[in-house]
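Please read the structure below before turning to the comments.
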Amino acid sequence: MMGNRLVMHGSVVFGWDCATDKLVSHYSQADMLSPMLNLLGSLEDVSCAFFKARVTPDCKFVRGE
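Residue numbering for the sequence shown follows my numbering, starting at -3 and increasing by one per position.
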């Protein structure tokens, strides 16, 4: 996978508090599964790539133990 580029599509939604003019929340999502499947060619290989990874196929970060 080294040297390859993954193009992922996703979105970010911000929650804004108009009373305080501050950011109060955010939500992000991205699809990493489709580009990984295009790169690796099979769900089995994608599954192996994400085994014990610190990120999930839907681009959520996993805390270390």
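Just so you know, even glycine gets a beta-carbon here, dropped at the ideal spot from N, CA and C.
CA-CA distance, Leu29 to Ala15, rounds to 39 Å. In this chain, the beta strand (DSSP E) harbouring Val8 covers 5 to 13.
In terms of Cβ geometry, Val8 and Ser24 form a close pair [threshold 8 Å]. Secondary structure at Phe47: coil, using DSSP grouped into helix, strand and coil. Inter-residue distance for Leu19 and Gly6 is about 20 Å (C-alpha atoms, whole angstroms). In the structure shown, Ser30 adopts helical secondary structure according to DSSP, grouped into three states.
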